[in-house]
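So the structure is just underneath, and the comments pick up after that.
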Ligand SMILES: [Zn+2]
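Numbering (this note's numbering), first residue to last: -11 to 158.
See below:
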């Protein structure tokens, strides 16, 4: 059975407001929350009475493939790349209770991420590809990185789009 959980907030602000048996009722409740200005109201679909495959192991691995941490955790959670001030590390949650399997799966993910050039973390700055990190395009400030020479990886796509649109409108 699926239930519809109306939530509000994010991270430490996150809370469950109400639980409904139909999506329509949940949406009506969410609309009422938005009427009074509640931010980040959301509806989550939860399957009730599921205990299966909740146990998992979280593996911490370096770019070179060294496992530095394995700890017990619960699903759901995926993977992320973090930066500890010195190096980038992969954290990955695998739905298993066997350490050997968790490490194997994480190692496969590690090689895949590196092969796809996807080994980067949220907040990472990369040299601006538009100006090759110089910050200048000829005599003017680079419109993509605005002269910084570096840009957040997740901002890059948006900035490139904005620049393209500006050029198209000129
Ligand atoms: Zn630039």
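Idealized CB from N, CA, C, for every residue including glycine.
Bear in mind that the values here come from a model prediction, so they are computed numbers and not experimental data.
1) Per DSSP, residue 6 is paired with what?
2) On a Cα-Cα basis, can you pick out the residue from 42, 50, 110, 12 that is closest to residue 32?
3) My output table needs one value for residue 203: the three-state DSSP class, helix, strand or coil.
4) May I ask you to report which of helix, strand or coil DSSP gives residue 86?
5) Mapping DSSP to helix, strand and coil, what is residue 14?
6) Would you mind giving the Cβ-Cβ distance between residue 123 and residue 137, rounded to the nearest angstrom? I have them listed as a contact below 8 Å.
7) Using only alpha-carbon positions, find the residue among 35, 70, 5, 34 that is nearest to residue 22.
8) Whose CB is closer than 5 Å to a heavy atom of ligand 1? List the residues in chain order.
9) Exposed or buried, what is residue 106 when buried is set at 16 or more other beta-carbons lying within 10 Å of its beta-carbon?
Checking against the coordinates, here is how it stands:
1) Bridge partners of residue 6: -6.
2) Restricting attention to 42, 50, 110, 12, the CA atom closest to the CA of residue 32 is found in 12.
3) Here the chain covers residues -11 to 158 and nothing more, so residue 203 does not appear.
4) Of the three classes helix, strand and coil, the one that applies to residue 86 here is coil, per DSSP.
5) In the three-state DSSP reduction, residue 14 falls in the helix class (H, G or I).
6) Correct: roughly 4 Å between the Cβ atoms.
7) That would be 5, whose Cα lies nearest to the Cα of residue 22.
8) Counting only beta-carbon distances shorter than 5 Å to the non-hydrogen atoms of ligand 1, the qualifying residues in chain order are 116, 118, 119, 130, 132, 133.
9) In summary, residue 106 is exposed, with fewer than 16 beta-carbon neighbours lying within 10 Å of its beta-carbon over all protein chains present.
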